[in-house]
């Protein structure tokens, strides 16, 4: 386990550039937004409903009960939002161990590595900046200056990469923000209407309108973003894999179509089915799925695959039927995706999106 925040399970700190302190500014912006919405909702919506300044004979019991219920629900969800956010910020996303068999030597070796991804030549992937072999689903982040296990993307809003060990917390952060903002919009509309009818002071009207508008904007935006990540989890993909990875395509997918529409014909080898994909991210115990306490099960180095697993030996590349120097085998056996081994591959992703979003941060 990590000895401190933002430290990998192997004792390696996350090496962000300390000469660029401005990178932490988005974190303060997010915290200010969260605290602002928290204060607006509790002070201008919940507190008036509790009617603490009225004598007992003038209290509307129904309104007070509703205020207690809404305040309890909102504050519990908000607590989970803050907890998930801090877990995203302070949990190391995962780094390649600084020990054999992951240290790159450039020489032939005998250590077997149960891996799926390889170079076009069939050789084992390695990072020339970190000097290590790359596990499956691992990418180098230029911002963090290290290889991140199962890297999803680098998120400036959490001052961290989203990777294997903190992806669950990022997913739960989106989930609880969706609940919180939609709950605010649904319940605060009543207070906004009452403030207009009663000609409330300008400052109160302004803060209510600002809070409600911001909550509505975030609810729409984050709900769509969360839906996208629900789909990624169900398909066993990460954002980078969706945009950049290459998988064998079927003939029907080669005829055209969108990325999302082709996914049935371009399945990741790590797609184990919806239920097992969810367990791979949220854990094997459904009672702990919604608790931002423990991360995803596993070490982030080796993953279960849906079909036969390739065999690697360091320095020798993959054990596969295709010959070296481009020589085709006599037969063309089918791989687990249903496409001939050694068949041409095409980019599995959204055209142009990887260049815009991920190329500057990953290698």
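Residue numbers (full-length UniProt numbering): 1 to 363. For glycine and all other residues, C-beta sits at the position ideal for the given N, C-alpha and C. Treat the numbers as computed from the prediction; the structure is a model and nothing was measured.
- Here the C-alpha atom of residue 200 lies approximately 49 Å from the C-alpha atom of residue 144.
- Approximately 5 Å separates the beta-carbon atoms of residue 89 and residue 158; this is inside 8 Å, confirming the contact.
- When the alpha-carbon of residue 132 is set against those of 99, 150, 151, 118, the nearest one is in 99.
- In this structure, 239 is the residue among 239, 295, 213 with its C-alpha nearest to the C-alpha of residue 225.
- The C-alpha of residue 193 lies about 21 Å from the C-alpha of residue 52.
- Bridge partners of residue 92 according to DSSP: none are assigned.
- The DSSP assignment places 167–197, 202–235, 239–244 as complete runs of the alpha helix (DSSP H) inside the UniProt domain "Palmitoyltransferase DHHC" (121–244), in order along the chain (cut-off: 4 residues).
- For residue 27, the enclosing alpha helix (DSSP H) starts and ends at 25–41.
- In this structure, the CA atom of residue 71 is about 20 Å from the CA atom of residue 210.
- Of 228, 203, 233, 148, the smallest CA-CA separation from residue 268 is found for 233.
- Residue pairing of residue 103 in beta bridges, as defined by DSSP: 132.
- Annotation for residue 137: 150 place their beta carbon closer than 6 Å to its own, counting only its chain and skipping 5 residues before and after.
- The criterion of a C-beta distance shorter than 9 Å is satisfied by residue 301 and residue 135.
- About 6 Å separates the CB atoms of residue 93 and residue 162; that is less than 8 Å, so the two are in contact.
- Nearest C-alpha to residue 103 among 77, 43, 124, 120: 124.
- Across the set 118, 117, 147, the C-alpha of 147 shows the shortest separation from the C-alpha of residue 130.
- Between residue 37 and residue 214, the C-beta spacing is below 9 Å.
- Residues of the same chain with a CB within less than 7 Å of the CB of residue 170, apart from the 5 flanking positions on each side, are 88, 162 in chain order.
- DSSP places residue 278 inside the alpha helix (DSSP H), whose first and last residues are 274–282.
- In this structure residue 84 is buried. Its beta-carbon is surrounded by 16 or more other beta-carbon atoms within 10 angstroms.
- The C-alpha of residue 278 lies about 29 Å from the C-alpha of residue 119.
- The beta carbon of residue 271 sits closer than 7 Å to those of 235, 236, 277, 306, all from its chain and outside the five residues before and after it, given in chain order.
- Nearest in C-alpha terms to residue 220, of all of 180, 96, 297, is 180.
- Annotation: residue 294 to residue 47 spans about 35 Å, alpha carbon to alpha carbon.
- Bounds of the alpha helix (DSSP H) holding residue 47 are 47–50.
- The closest CA to that of residue 187, considering only 73, 21, 57, is found on 73.
- Each residue's CA atom was taken as its position, placing residue 32 and residue 167 some 23 Å apart.
- Looking at 91, 208, 177, 78, the one whose alpha-carbon comes closest to that of residue 160 is 91.
- Taking the Cβ atoms as the reference, residue 77 lies roughly 6 Å from residue 176, within the contact range of under 8 Å.
- With a threshold of 16 other beta carbon atoms within 10 Å, residue 105 falls short and is exposed.
- Here residue 121 is exposed: its Cβ has fewer than 16 other Cβ atoms, across all protein chains shown, within 10 Å.
- At a Cβ-Cβ threshold of 9 Å, residue 44 and residue 204 count as neighbours.
- Taking all protein chains shown into account, residue 227 has fewer than 16 neighbouring C-beta atoms within 10 Å of its C-beta and is therefore exposed.
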